[in-house]
């Protein structure tokens, strides 16, 4: 079965000692307001201890109008979880996700907000692969990422404690990632529709890997869908030296014979939640997570005399994974 067909198939093996994490997450943004939801169904299996595997539920509701976000997490024994690829189904506790939508609740960890969701999918485009497809079956990179359903519309509701929020045609995506360890350092970004450009979609990452005491140069694969075309600037060796990021600003550029892309994704510190992820080989990573970031991208395509300016006012995804605590954000869950 090719990656085009099994993009959401679970890679988790309950008898493996290798260590594993795997997530299927959904994100969505209000069509015009700085409001967003992110919900993540996760398997965590520590290296050498598959008997201690668990299922996790994560959820964040971002309210950029009031400068607040609400963070939730639950954990369940792996015996209370179910994972299937054909048909696709993920169940953690009583919370489920399939290709029609997701329904569940989270908040059994101390300090969590109780969040409940019931969301249906409509629309959606064919899967988007951030890496060249032949890299999804090998051992490199150790962390794989793809977008199973880009350009989704989400409809339904989210409950925060006792407040019910109706979602109508929120723009977003359903995503899948997995691996034997988290990438050592990365920035990840996504725009599920630039303002006024229906059907546009941007996926990118800047990643560095540590091998012994040495760090590899950063690679930045970029895939852009625009006006019915896909531009995959994701060749392994052509992805070096394209980007730089810091807290909380990321600049990137890339070119091919068909297109030149130059852009920036950034957000205010208060627009991020800080999550703590366990790493299968041991230790922790901190994920600085925003779904209400800003993006500005300049696109120059072959044969066009002037560049196209793309903008996402407050609906870009921007995550930074790090072990460095100098960002000074408080870890929430």
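Numbering (UniProt numbering), first residue to last: 1 to 333. Glycine is no exception: its CB is placed at the ideal position from the N, C-alpha and C atoms. Quick caveat: nothing in here was measured; it's all calculated off a predicted structure.
By Cβ distance below 8 Å, which residues in the same chain neighbour residue 85 in space, the five residues on each side in sequence not counted? In its chain, beyond the 5 residues on either side, 6, 8, 9, 10 have a beta carbon closer than 8 Å to the beta carbon of residue 85.
Spatial distance of residue 70 from residue 303 (CA atoms): 46 Å
Taking C-beta to C-beta, are residue 260 and residue 300 nearer than 7 Å? Yes, they are a contact pair.
Tell me the rounded alpha-carbon separation between residue 271 and residue 247. If I take the Cα positions, the gap works out to 12 Å.
In chain order, what residues of the same chain lie with their CB nearer than 6 Å to the CB of residue 264, ignoring the 5 residues before and after it? 251, 296
When we look at the beta-carbon of residue 149 and count the other beta-carbons within 10 Å, is it buried (16 or more) or exposed? By the 10 Å Cβ count, residue 149 comes out buried.
Can you check DSSP and say which residues form a bridge with residue 267? None, per the DSSP bridge assignment.
Are the CB atoms of residue 205 and residue 231 within a distance shorter than 7 Å? No, the Cβ-Cβ distance between residue 231 and residue 205 is not below 7 Å.
Skipping 5 residues on each side, what residues in its chain have a beta carbon closer than 7 Å to that of residue 210? 184
For residue 113, which residues of its own chain have a beta-carbon under 7 Å away from its beta-carbon, when the five flanking residues on both sides are left out? 70, 71, 72, 107, 160, 161
Does the region 127-147 come into contact with the region 94-106, if we say contact requires no fewer than three beta-carbon pairs (one atom in each stretch) closer than 8 Å? no
So, at 6 Å on beta carbons, what are the nonlocal neighbours of residue 36 in its own chain, with the 5 sequence-adjacent residues on each side left out? Non-local beta-carbon contacts of residue 36 in its own chain, meaning distances under 6 Å to residues more than five positions away in sequence, involve 29, 62, 291, 292 in chain order.
Report the rounded CA-to-CA distance for residue 153 versus residue 27, giving the unit in angstroms. 10 Å
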